[in-house]
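Take a look at the structure set out below.
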Amino acid sequence: MSLVATLLAMDMSAGPPPPDPEKLLSAWNEWETGENTPGRVMANLKTAGMPELLRALVEQKQAGAS
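In structure tokens form, the structure reads like this:
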């Protein structure tokens, strides 16, 4: 299953929205350019879905290894 399919299949009805790659990239760019403090960048990455994205990637990798 592709990462996109994995993310779309995630049940987010009772939780946060699925990860937003555009917001994640924007937050990362803010880090690289020094626009925001590290704490603000981490908060933006979290609210844009970085933890969910990383979990999905780990699950995808583990599923492919078995």
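So the sequence shown is numbered by numbering that gives the first Met the number 0: it starts at 0 and just counts up by one. Backbone N, C-alpha and C fix where the C-beta goes; we use that ideal spot for every residue, glycine too.
Find the nearest neighbour of residue i within the set the options, judged by alpha-carbon distance.
i, options, result
"residue 47", "3, 2 and 22", "22"
"residue 24", "52, 5 and 4", "52"
Measure the alpha-carbon distance for residue i versus residue j and round it to whole angstroms.
i, j, result
"residue 38", "residue 50", "16 Å"
"residue 36", "residue 55", "27 Å"
"residue 14", "residue 29", "26 Å"
"residue 1", "residue 44", "22 Å"
"residue 64", "residue 20", "25 Å"
Here's the rule: buried if 16 or more other CB atoms are within 10 angstroms of the residue's CB, otherwise exposed. What is residue i?
i, result
"residue 18", "buried"
"residue 26", "buried"
Within a Cβ cutoff of 6 Å, which residues of the same chain sit near residue i, ignoring the five residues on either side of it in sequence?
i, result
"residue 5", "55 and 59"
Could you check what DSSP says for residue i in three-state terms: helix, strand or coil?
i, result
"residue 63", "helix"
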